[in-house]
Structure formats: structure tokens, C-alpha cells
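Trainee: Structure in C-alpha cells, see below.
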Amino acid sequence: DISIKEAIHILYVKHIGSIVIVDKEKKCKGIFTERDAIRVVASDVPLSKPLKEVMTTNLQTIEKGATFAEAKNIMKSHNIRHLPVTDKQGHLIGLLSFRTILDEVHDIKSVKP
């Protein structure tokens, strides 16, 4: 259980855009993103509050093996930039960012036959 301030510090120090919160079984319970940090700071929420009180809990996930098109559609329809990747049991195994998708699409388009 970390505070909002600690979570923002992690985002900053590690140069990452989100933190996925998992339970003991590695199942996704929430996500805290740069957008959440801005919302919290702009709303004058005390940064000493536990992260679990402000994290997004109705997060979208995608199963390993899904296509980039499926991931892009989920991200676009839910207006999100970070998508936790899970195994069939719902355990977190990775995180897909919109930047990753853009980079992959760019790499594919730049390959010349």
C-alpha cells in the first residue's frame, strides 16, 4: 500500500506512464497513470492518501495472444493509453502502451519489400 506521492515519484523516476496494481495472485486490481496523477493533483487530493483510493479500478485488460488491432480498438474505444496484458487466468504478464503500438505500426510500414 503506497501513497499517491510515492506512486507519482515512481512514475517520474522510472520514466513510465503507468503503474498496474496487482493482488497477491498477480491479478490486476487497478491502474494509476500520468492522467490520474494530473487529475489527483488538479483536484487537490492530499498526496499522502493511499494510492488504492484514487487508482482506476474498472481497468481494461487484454489476453496474451490478442492482435495489435484488438488492442488498438480497446484503447481507442475506452480512451486509454496503457493496457495490461494477462494470461488466461487473469494474471498480469505485461503492459502494452499506445506508444508500443504506434512504434510497431511505423516499423511495419517502413519495411520495404
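Quick note on numbering: the sequence shown equals residues 558 to 670 in this note's numbering. By construction, the Cβ of each residue, glycine as well, lies at the ideal position given by its N, Cα and C atoms. These numbers were taken from a predicted model, which means no experiment stands behind them.
Taking the Cβ atom as the reference point for each residue, do residue 568 and residue 594 lie within a distance shorter than 9 angstroms?
Mentor: Residue 568 is a Cβ neighbour of residue 594, given a cutoff of 9 angstroms.
Trainee: Work out the CA separation of residue 575 and residue 539 for me, nearest whole Å.
Mentor: One cannot answer for residue 539 here, as it falls past the ends of the chain, which runs 558 to 670.
Trainee: Are residue 587 and residue 609 close, meaning C-beta to C-beta below 9 angstroms?
Mentor: yes
Trainee: So for residue 605, helix, strand or coil by DSSP?
Mentor: coil
Trainee: In this structure, what does DSSP give as the bridge partners for residue 570?
Mentor: Residue 570 is not bridged to any residue.
Trainee: Below 8 angstroms CB to CB, which residues in the same chain sit around residue 652 once its five sequence neighbours on both sides are set aside?
Mentor: 575, 577, 639, 640, 641 and 642
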